[in-house]
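Engineer: Here it is, the structure in full.
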Amino acid sequence: MTRHIRGGGPLVATLAATLALTACGAGGRDSSDGEAAADTPGVTDDTVTIGGTFPLTGVAAPGYSEIPTGAQAYFDYVNEQGGVHGRQIDYIVKDDGYNPTTTSTVTNELVLKDEVFATVGSLGTPTQASVADYLNDEGVPQMMVSSGSLQWGDDVENRPMTFGWQPDYESEGKIIGQWVAENMPDAKVGLFLQDDDLGEDAEKGVRQYVDDQIVAVERYTSGNTDVAPQVSGLQAKKADLVLAFNTPSYTALSQLVALKTGYKPQWFYANIGSDPALVGSLLERFSEGAVDGDSTALDGVMTTEYIPGVDNPEDPWVQLWQKVWDEHGEDGELTNYRIYGMSQAYAFVQALDAAGEDLTREGLVEAVEEGGTDWDGPQLAPFRYSADSHMGISGMRILELEGGKGKPLTDVLVTDIGDAEITTDDSGSADDAPPENGVPTS
Amino acid sequence: MRDRITAVRRNVLARHLFLALVGLLVVVVVVESISDYRNTQLASMAYLGIAAGGLTVLTGTNGQLSLGHGALMAIGAYTSALLLPDSDSSLPLSLVILAAVAVTLVVGAAVGLAAARLHGPYLAGATLALAVAVPGIALYFKETLGGEQGLRVVMPDIPVWVLDLAFFVTGQDLSRSRYTAYVGWLTLIVVFVLLANLSAGRTGRRWRAVRDDEVSAELAGIDLGRARVSAFMVSAAAAGAAGAILAFTVKLAAPSAFTLTLSLTLLAAIVLGGLGSLAGALIGAALLTFLPSVVTDVGRSAGLSDIQAAELAPLVYGLVMVAVILLAPAGIVGSLRGAVQRSATTRRTTSPTTTKGTAS
Amino acid sequence: MQQFLNTALSGLTLGMVYAAFALALVLIWRSTRIVNFAQAPMAMLTTFVALVVIDAGHSYWLGFVAALVSGLVLGAVLERVVIRPVEGKAEINAVILTLGLFIVLHGLAAVVFGNRYRSFPAPFGLEGLTVGSTTIALNGFGIFTIVSVLVVMGLLVALFRFTDVGLRMRASAFNSEVARLLGVKVGAMLTLGWALASLVGSLAGLLIAGGSLVHPSYMDSVVVFGFVAAVLGGLDSPLGAVVGGLILGLSLSFVSGYVGSQLVALAALVILMLVLTLKPGGLFAQAAERRV
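Residue numbers (the working numbering), protein chains in the order written: chain A, 613 to 1054; chain B, 128 to 487; chain C, 106 to 397.
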């Protein structure tokens, strides 16, 4: 009954108290680490501190939260071998729950409080978009963003510190589109798209080649797990080839709905959604329901590949990742998300190495622009890094899944955004093997 | 009689203005003495505080429960984003905030009209649906509202007179994060003065009368619908201002920032601080701003993995909510006030539940 | 035509799931006058219990029973330990308390069971039934869902209308003082209400999970739509919960299929506002009831 608002004494007292508290909290934070090499934030003679933001909690966390565990394991491995130029890599991971507001808060924390040298591998399009301008204004390298949106590297002039890593969705759409136009010219194509930059950019790429073959486009909203209306829509338009650009859980969900509605098109899942081990494990329970168990659930499905994954245990890179994970990983087994994180970490270690002993942020950017295209690494096609483009891996190959393993249907195809041609990669990126000790050196 | 009322009113107004001035001084001193990082945290606290202040008036003073204030903040944020698309737009921030408030006010009036007839869980259900529906609109109208990626907010350059003034007063250059913190806290002070005056005046008495007993309020000649709708509009306006500050702070308006979690967070803030109290709203906002990172850091230094430490934050925050309701249902401010009153007089008509311990 | 039919059928099964969830809310509302926002994570936890049992090599049905039993126990324990102190206090306290529980149970599940997707088996075939030469979007599990929700609704109606216990539960909720004077063990009734509701909630969780994927947040969208369904029907009526669930499931399915899946939540809001503008107490509100 005494809930009157008295803007009174307590209000100002609180104000003063909280503000004073934060002021105290801030005290002493600004003291520098002393012998910083040439005064670059996050760099001392024997350490380099980097950060990353990922969804560790919330709806986007399943799967994605494994990426930083892979990266961490690889950094630990490198540190054990003596680090890079004698510097140990200290990797700070923050949770943003896939909420751009939180991303902005925790990125501030990374830059201003933890004073990181760079952010590495931070995940998500809307999340990283919220901090891209800030990081560039502050001159903090936004390295190897975990997202295939075009904005990670297509605008070097305005975002000189931002670098992509994985192939962009438009290039993937183009490569898939051209293959379909050449090999399945009579197919009635249906598009199953996640309703964000993933679906949008990919559609742009696909339409360059098969615009007139497309009979249906269905979009689902991430978070809405009932995709029956969308799959029914594709079925009604009699699409017999579905090009799907979605996350892995939606691969499983779309397969389950197709089973329910008796829809049997040829499925073509983009790389992001096709992880055969993961989707297979998601579908394995349903064997009683006549989906075949384990990883064979996706037999006959087509997809693409730009780094080797767990389905390829003989690949020398995967063997390295397995070793790293066994020695430094947390609980749980090696997954493709973790391999993704490790592959990214590998590329960043290459960048650190190339930037030389006197580590500066500008030096890092320069080193990547100069040498990035020639780096050996797990990626099947080379990076596009140059002074004009900061886009990541340039291509991929198309596979058909069989018994949970990918059977290549093409060579590695490379391209770029816009009307760049699609060509066969002749750089030999797909055939290299990791160095003996598993740490790149120039 | 009339003279006395105006005298009292003037008195109240003068007191609020004085407090605002003191608050302003504190803000200047603190903002100037802390790091850029703490200033961005302060800006976040400001927008949570503004929205929570508006909500506490609605829920505490008028008795309407809203689970959808995050959606109203989204409207304020998107309005600001549409007005600040690139660096060429030279609209002053004060006008942007006013526009955000105006648009949200209109939406709030519509929602309030619909909500005025609803009670208890029915109102909760309607506002809950509002909270999840609004982000979808941004996804559907991709062309104008930017879809999942959202709209970028480009902050105009700091006006020269502000820079001069800041330098004159403090003797140091004004950084961007300080500027944002100032904008946020100035807005908060203005909003709080307005809210405090409204609640202390006749409007506030009507709101409380409606909350306490509808039948008597109606007998006393109060239009129930009007009281309810006006409370909702005032509260929505505050949420709109909060949305604008959020847009300035985050420099982005995206659907994933306005999930149901945000609405529930605001509700948690006002309950933790103490329902119906502006000071409580501010304390709640402070808790929500600072608690998660503190808990995560503690978890990490206790040897938990990043993922476990991240899960710890919501866990602790949920436990605090449960604990406050069970041990100090009047919230932090209410319990403190109760303790002060008890020690001042031995006999006081506080309900026995509020006497149980103080805040954690 | 087939698209129309399939959209309708998938909306029907979805609506039944919302209905199951709404039934649990109605049960708690009738017995304690509290809206339980923690219903979803409670159901999620019990589904994970079932998953643990099934993972240990036991049959689906053993897991099913384990989930229902743990739901019953969880509901009773939570009511006794956490909810009891706020019963009869200000409405908002209970709301905040269940929201707090929501967050706690969520975090707990993420820590204990891990925040990743897992598949949850279904006891019946997942392939759609064939009528003539076409396959329709209704499978064995869908039929199981529909039947079990209807049975639960029937049981609840019977409980409240024809049994002594049901009457006592309602009396305890409406006026505990009077009920106590009449010799009703109010405390026991409240506990029983929560336990039963939690059991029905667990069933809803199992029905959503069956033949699909689970993770700590998998019930979150159901919280909103299940609650909207319950409010739509009028929180007091089991029949209303089922009708509300069906209306919502069907219309949302059509909106998603023919307009755009982004607008599903907006459609729910519009439907809810339309209904509540005409009938502020929901479709099946008892006209006599006027609480101040």
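Glycine included, C-beta positions come from ideal geometry on N, C-alpha and C.
Taking Cβ to Cβ, would you say Ala241 of chain B is nearer than 8 Å to Met378 of chain C?
Structural biologist: yes
Engineer: Along the chain, where does the alpha helix (DSSP H) that runs through Gly237 of chain C open and close?
Structural biologist: Note, Gly237 of chain C: premise wrong, no alpha helix (DSSP H); not H, not E.
Engineer: Round the Cβ separation of Tyr205 of chain B and Leu148 of chain B to the nearest angstrom and send it over; I've been treating them as touching at under 8 Å.
Structural biologist: Not really, about 33 Å apart at Cβ, beyond 8 Å.
Engineer: Taking C-beta pairs closer than 9 Å, name the residues in chain A that Glu341 of chain B reaches, listed in chain order.
Structural biologist: Within chain A, no residue comes near Glu341 of chain B; the closest Cβ sits about 16 Å away, beyond 9 Å.
Engineer: Under 8 Å between C-beta atoms, does Glu196 of chain C make it to chain B?
Structural biologist: yes
Engineer: At a CB-CB cut-off below 7 Å, which residues of chain B make contact with Pro190 of chain C?
Structural biologist: Leu453
Engineer: Go ahead and pull the three-state DSSP assignment for Leu379 of chain B.
Structural biologist: strand
Engineer: Starting from Asp726 of chain A, trace the beta strand (DSSP E) both ways and give me its first and last residue.
Structural biologist: It is not in any beta strand (DSSP E) - Asp726 of chain A carries neither H nor E in the DSSP assignment.
Engineer: Please determine, among B:Gln191, B:Pro441, B:Thr271, the residue with the shortest C-alpha to C-alpha distance to Leu245 of chain B.
Structural biologist: B:Gln191
Engineer: Is it buried or exposed, Tyr821 of chain A, if we count other Cβ atoms within 10 angstroms and call 16 or more buried?
Structural biologist: buried
Engineer: Below 8 Å on the Cβ atoms is my guess for Arg135 of chain C versus Arg285 of chain C; work out the distance and round it to an integer in Å.
Structural biologist: The pair is not a contact, with the Cβ atoms about 18 Å apart (cut-off 8 Å).
Engineer: Looking at C-beta atoms only, is the number of pairs between the segment 809-816 of chain A and the segment 943-957 of chain A that lie closer than 8 Å three or more?
Structural biologist: In short, these stretches do not touch, since the Cβ pair count stays below three.
Engineer: Helix, strand or coil for Asn244 of chain C? Go by DSSP, reduced to three states.
Structural biologist: Strand.
Engineer: Can you look up Phe385 of chain B in the DSSP assignment and give me helix, strand or coil?
Structural biologist: coil
Engineer: Sorted by chain position, which residues of the same chain lie with C-beta nearer than 8 Å to Val257 of chain C's C-beta, five sequence neighbours on each side aside?
Structural biologist: Ala125, Leu128, Val305, Leu308
Engineer: Exposed or buried, Lys876 of chain A, counting other C-beta atoms within 10 Å across all chains shown (16 or more means buried)?
Structural biologist: exposed
Engineer: Can you round the beta-carbon distance between Gly892 of chain A and Leu910 of chain A to whole angstroms, since I take them to be within the 8 Å contact cut?
Structural biologist: 7 Å
Engineer: Have a look at Leu431 of chain B and Thr112 of chain C and give me their C-alpha separation to the nearest angstrom.
Structural biologist: Each residue's Cα considered, the two are about 46 Å apart.
Engineer: Thinking C-alpha only, which one of C:Asn220, C:Val333, C:Gly245, C:Leu371 is nearest Thr669 of chain A?
Structural biologist: C:Asn220
Engineer: I'd like to know whether the C-beta atoms of Trp937 of chain A and Pro990 of chain A end up nearer to each other than 8 Å.
Structural biologist: For Trp937 of chain A and Pro990 of chain A, no; Cβs fall outside 8 Å.
Engineer: Expressed to the nearest angstrom, what Euclidean distance is found between the alpha-carbon atoms of Ala864 of chain A and Leu846 of chain A?
Structural biologist: 17 Å
Engineer: Listing by chain order, which chain A residues have their CB less than 9 Å from the CB of Leu150 of chain C?
Structural biologist: Per Cβ cutoff of 9 Å: no residues; Leu150 of chain C is ~17 Å from chain A at best.
Engineer: To test your reading of the DSSP string, which unbroken beta strand (DSSP E) runs of 3 or more residues are found completely within the segment 180-264 of chain C?
Structural biologist: 223-225, 233-236, 239-244
Engineer: Could you give the residue range of the alpha helix (DSSP H) that holds Gly885 of chain A?
Structural biologist: Here the alpha helix (DSSP H) through Gly885 of chain A covers 883-886.
Engineer: Name the one or two DSSP bridge partners that Trp879 of chain A has.
Structural biologist: A:Val854
Engineer: Taking Cβ-Cβ distances shorter than 9 Å, what residues in chain C pair up with Gln842 of chain A?
Structural biologist: Ser361, Gly362, Ser366
Engineer: In the segment 156-167 of chain B, which residues sit with their C-beta less than 7 Å from some C-beta in chain A, listed in chain order?
Structural biologist: Val157, Ser160, Ile161, Ser162, Asp163, Tyr164, Arg165, Thr167
Engineer: Does DSSP classify Tyr689 of chain A as helix, strand or coil?
Structural biologist: helix
Engineer: Just reading off the alpha helix (DSSP H) that Leu992 of chain A is part of, what are its end residues?
Structural biologist: In the DSSP annotation of this structure, Leu992 of chain A is not part of any alpha helix (DSSP H), being labelled neither H nor E.
Engineer: Starting from the C-beta of Asp645 of chain A, find all residues in its chain whose C-beta is less than 6 Å away, skip the five residues before and the five after it, and write them out in chain order.
Structural biologist: Model confidence at Asp645 of chain A stands at a pLDDT of 42, short of 50, so the residue's coordinates are unreliable; what they give is reported in the following sentence. If we look at Asp645 of chain A and ignore the five residues flanking it on each side, its Cβ neighbours are Thr656.
Engineer: From the DSSP output, read off the bridge partner residues of Ala828 of chain A.
Structural biologist: A:Gly802
Engineer: Using a Cβ-Cβ distance under 8 Å, would Ala253 of chain B count as near chain C?
Structural biologist: yes
Engineer: By the criterion of Cβ-Cβ separation under 8 Å, what are the contact partners of Asn836 of chain A in chain C?
Structural biologist: Ser326, Ser361, Ser366, Val369
Engineer: Rounded to a whole number of angstroms, what is the C-alpha to C-alpha distance between Phe687 of chain A and Glu232 of chain C?
Structural biologist: Counting only the Cα atoms, Glu232 of chain C lies some 46 Å from Phe687 of chain A.
Engineer: Using a Cβ cut-off of 9 Å, which residues of the segment 668-685 of chain A contact any Cβ in chain C, in chain order?
Structural biologist: Leu668, Thr669, Gly670, Val671, Ala673, Pro674, Gly675, Ser677, Glu678
Engineer: Give the straight-line distance between the Cα atoms of Gly461 of chain B and Gly298 of chain C, rounded to the nearest whole angstrom.
Structural biologist: Gly461 of chain B and Gly298 of chain C have their C-alpha atoms some 32 Å from each other.
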